[in-house]
Amino acid sequence: MKREDKYYTDWLLNKDSNLSKEDLVDLEVFVKGNPQQLIEWKAVDALMDSLKTPVLSFSDSFEQDVMRKWQGEKEQFYDHSSMMILYAGVAAAVLLMINLFVNQGSISLDAMFGIAGMNADNTSLLFYID
Amino acid sequence: MTITNDQNPEFELITLLKDGDERAYFKVLGLYKDQIAKTVKGMLGDVQEAEDVGQEVFIRFFKSIDNFKGDAKISTYLIRIAINLSLNELARRKRKWRIFYSGDTIEEKLVLDVGTNPMEDEERKEIVHKAILQLGVKYRKVVVLRALHGYSFKEAAEVLQIPIGTVLSRYARATKKLKEILNPIVNEKGR
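Going down the list, the protein sequences come from chains A and G.
For the first sequence, numbering that gives the first Met the number 0 begins at 0 and goes up steadily by one.
For the second sequence, numbering that gives the first Met the number 0 begins at 0 and goes up steadily by one.
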């Protein structure tokens, strides 16, 4: 014996013409014996059906907004590539600076500019860098 | 699986999208924005966040277009993204509300102002939409697909990737719950 809930899902499935012949016969018998139930199902269904007409929509500028955002995302992707190049450049500069400190044997502001120990005998900025 | 022209009527559009043709992007937006509005606003309500989530749905789709194999229709794919992003938004909303409330009930409660006067159609729909927002998310998903999109139960099962029996039982439970909420309207309609 099927429960009422099962008849309801069968009735719903039948609306999609997706119910087996056996179940359809069974459903018809149930509906004949319970006409009030069918009225209730139909009432709820009519209410749900009324929702199909479009009342939910996005703003008029929706398409433009999406495209603007999408362009922004694409630019960000390219920015990412340029940031990689920038990071590589910074890393190379730091390595060169370390090399400069090592060659001058000093970690000071003067060494950063390549002028640590600069005197009258040694005036070349590149003296320490072979 | 790769798509061919014979297998998929959307092949040309997908190819244009993959080529970065701007007109194709606009075409997709024009074709599917109403469906996505129904999904997202059906899940979240008619709020500003729904508009943002809707935009994000298309951005995600455009970003992943190179990986799109065409084994599902564009609409199915977009609706899946829309449902997932809506669920994320609901989770975010829940977290946000938890900061302010320690109670169990976080969902906005609907105050139905249904008098004895016959309501206008639009007003009625708005009330039903608000009632849908009171359903649990798993029920809301099937109601959105069936009632708002007009999908068959089989199609809804495909979109949600769950068995048709589960879709049916969730829909039946959802309508039962909606009936309880909307009893005055249902009675009026049944007369």
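The C-beta atom is built at its ideal place from N, Cα and C for all residues, glycine as well.
Only a predicted model underlies this, so the values are computations on that prediction, with no experimental measurement involved.
- Assignment of Asp64 (chain A) by DSSP, reduced to helix, strand and coil, places it in the helix class.
- In the DSSP assignment, Tyr6 (chain A) falls within the alpha helix (DSSP H) that extends over 3 to 14.
- By the Cβ neighbour-count rule, Ser74 (chain G) is buried, with 16 or more other Cβ atoms within 10 Å of its own.
- Taking every protein chain shown into account, the CB of Arg139 (chain G) has 16 or more other CB atoms within 10 angstroms, so this residue is buried.
- Comparing alpha-carbon positions, the option among A:Leu37, A:Trp10, A:Leu95 lying closest to Asp22 (chain A) turns out to be A:Trp10.
- Taking a 10 Å sphere around the C-beta of Tyr76 (chain G), we find 16 or more other C-beta atoms and assign the residue as buried.
- The C-alpha of Phe10 (chain G) lies about 32 angstroms from the C-alpha of Lys14 (chain A).
- Neighbours of Val43 (chain A) in chain G, taken as residues whose beta carbon is under 8 angstroms from its own, are Thr174, Leu177, Lys178, Val185 in chain order.
- Using a Cβ-Cβ cut-off of 8 angstroms, Val158 (chain G) does not count as an interface residue toward chain A, since no Cβ of chain A sits closer than that to its own.
- Contact between the segment 17 to 34 of chain A and the segment 63 to 70 of chain A is absent, with fewer than three C-beta pairs closer than 8 angstroms.
- The beta-carbon of Tyr6 (chain A) is placed no less than 8 angstroms from the nearest beta-carbon of chain G.
- Per DSSP, reduced to three states, the secondary structure at His128 (chain G) is helical.
- Gln160 (chain G) sits in coil when the DSSP states are folded into three classes, being neither helix nor strand.
- Segment contact: the segment 67 to 75 of chain A against the segment 158 to 169 of chain G, fewer than three CB-CB distances shorter than 8 angstroms; contact not assigned.
- Residue-level contact check: Val30 (chain A) does not touch chain G, since none of the beta carbons of chain G fall below 8 angstroms from its beta carbon.
- Residue state for Phe67 (chain G) is assigned as coil, using DSSP reduced to three classes.
- With contacts defined as CB atoms closer than 8 angstroms, Glu50 (chain G) and Glu88 (chain G) fail to qualify as a contacting pair.
- Taking C-beta atoms as the reference points, Val43 (chain A) and Lys176 (chain G) fail to come closer than 8 angstroms.
- When 8 angstroms is used as the limit between beta carbons, Ser49 (chain A) is near these residues of chain G: Asp120, Arg123, Lys124, Val127, in chain order.
- Nearest CB-CB separation between Asn17 (chain A) and chain G: below the 8 angstroms threshold.
- Comparing C-alpha distances from Arg92 (chain G) to each of G:Asp33, G:Val52, G:Leu12 shows the shortest one belongs to G:Val52.
- At a beta-carbon threshold of 8 angstroms, none of the residues of chain A lie near Gly69 (chain G); the nearest stands roughly 21 angstroms away.
- In the three-state DSSP reduction, Met117 (chain A) falls in the coil class, being neither helix nor strand.
- One thing to note: Lys124 (chain G) has its Cβ within 8 angstroms of the Cβ of Leu50 (chain A).
- In this structure the segment 39 to 47 of chain G does not touch the segment 13 to 29 of chain G; the number of beta carbon pairs closer than 8 angstroms is below three.
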